[in-house]
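Student: Take the sequence shown: its position 2, counted from the start at 1, is 156 in the numbering used here, and no numbers get skipped.
Idealized CB from N, CA, C, for every residue including glycine.
This is the structure, below, for whatever I ask next.
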Amino acid sequence: MNQILKLIPSQMRHQLNSLLNLKIIYRLKAAISIIPNTRSCLTSIILLLSFTIISVPIGLYFNFLKFGFVHLNLAEIIKLIAICLFTPAITEEIFFRVLLLPHVTENVSPIKKGLWGCISLAIFIIYHPLNALTAYPAGFPTFMNPFFLLLAGFLGIICTSAYLQSGSLWTPVAIHWVVVAGWLLLFGGYERLNT
């Protein structure tokens with residue numbers, strides 16, 4: 155890749171970098187500043203319910219999910235919910251949705267949106283096993299589990315749909331946050347990651 159970049163004149167490379175930086179800044183500002191309207195909130199609720207209706211029976215049937223309340227005190231539960239808001243919800247949604255997908259205000263064809271959506275989804279799914287192999291070894295058995303990856307892929311589709319419909323960072327963040335916190339607290343996720 156560096157060899158290819160060297161073929162581009164330095165002034166043009168600088169201009170390309172500047173354009174890319176401007177696009178990233180624009181997307182981030184636009185996604186953060188848009189407060190979801192009633193329609194976006196209702197769409198997000200429908201998407202979240204759809205995810206739940208499909209994923210819970212699949213997860214329970216294949217013994218990936220196990221219903222039961224986590225054995226933590228109230229302070230630990232509040233801390234866990236707060237941590238889930240920042241990572242994975244906000245950090246992953248900024249990277250996998252906001253920075254990789256065209257914003258609703260950009261003039262992009264549906265085909266390009268679909269292509270970027272597929273690329274974003276593939277990277278989102280691959281990220282989890284790579285994360286377990288590098289930064290988060292405690293997640294190794296879980297993040298390598300095919301049912302986890304299936305459910306993560308479905309979550310990625312739901313979050314992408316919410317983002318492309320609303321243009322707001324906050325709709326996919328809310329969905330991602332509720333799903334991860336619910337999994338950790340109610341469906342055995344905490345035990346899976348901490349045993």
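What residues in its chain sit with their C-beta under 7 Å from that of Cys313, if we drop five residues either side in the sequence?
Tutor: Within the same chain, Cys313 has close Cβ partners Glu247, Arg251, Pro326, Ile329 and His330.
Student: Here's the rule I'm using: 16 or more other beta-carbon atoms within 10 Å means buried, otherwise exposed. How should Ile280 be labelled?
Tutor: Its Cβ having fewer than 16 others within 10 Å, Ile280 is exposed.
Student: My assumption, with CB atoms under 8 Å, is that Pro242 sits in contact with Val334. Please give the rounded CB distance.
Tutor: The Cβ separation is near 6 Å, so the contact holds.
Student: Between Ala185 and His257, is the Cβ-Cβ spacing less than 8 Å?
Tutor: In this structure, His257 lies closer than 8 Å to Ala185 by Cβ.
Student: Starting from the C-beta of Phe218, find all residues in its chain whose C-beta is less than 6 Å away, skip the five residues before and the five after it, and write them out in chain order.
Tutor: Only Phe301 meet the Cβ criterion.
Student: Classify His225: buried if its beta carbon has 16 or more other beta carbons within 10 angstroms, exposed otherwise.
Tutor: Label assigned to His225: exposed.
Student: Bridge partners of Gly343, per DSSP?
Tutor: In DSSP, Gly343 forms no bridge with anything.
Student: How many Å lie between Leu338 and Lys233 at the Cα?
Tutor: Taking the straight line joining both Cα atoms gives about 12 Å.
Student: Taking 8 Å as the threshold (C-beta atoms), are Ala286 and Phe278 in contact?
Tutor: It is not a contact, given that the beta carbons lie outside the stated cut-off.
Student: Would you call the CB atoms of Lys267 and Leu318 closer than 8 Å?
Tutor: Against a cut-off of 8 Å, the Cβ pair of Leu318 and Lys267 comes out as a contact.
Student: Is it buried or exposed for Phe223, if we count other Cβ within 10 angstroms and need 16 for buried?
Tutor: So Phe223 counts as exposed.
Student: Might you give, ordered along the chain, the residues of its own chain that have their beta carbon closer than 8 Å to the beta carbon of Cys238, omitting 5 neighbours on each side?
Tutor: Closer than 8 Å at Cβ, skipping near neighbours: Trp331, Val334, Ala335 and Leu338.
Student: Only counting the same chain, and skipping five residues up and downstream in sequence, which positions put a Cβ closer than 6 Å to that of Phe216?
Tutor: Taken in chain order, the residues that qualify are Phe301.
Student: Please return the same chain residues whose Cβ sits closer than 8 Å to the Cβ of Thr192, not counting the five positions on each side in sequence.
Tutor: If we look at Thr192 and ignore the five residues flanking it on each side, it has no Cβ neighbours.
Student: Less than 8 Å separating the beta-carbons of Ser320 and Ser194?
Tutor: Contact flag set, yes.
Student: Please say whether Leu254 and Ile178 have beta carbons closer to each other than 8 Å?
Tutor: Cβ distance not < 8 Å, so Ile178 and Leu254 don't count as in contact.
Student: Can you say whether Phe240 is buried or exposed, counting buried as having 16 or more other CB atoms within 10 angstroms of its CB?
Tutor: Under this definition Phe240 is an exposed residue.
Student: Apart from the five residues just before and just after Phe294, which ones in its own chain have a Cβ nearer than 8 Å to its Cβ?
Tutor: Correct list, in chain order: Ala286 and Leu287.
Student: Buried or exposed: Ser322, going by 16 or more other Cβ atoms within 10 Å of its Cβ?
Tutor: When all chains shown are included, Ser322 counts as buried.
Student: Given Arg181, which residues of its chain have a CB within under 7 Å of its CB, disregarding the five upstream and five downstream residues?
Tutor: Excluding sequence neighbours, Arg181 sits near Val252, Leu253 and His257.
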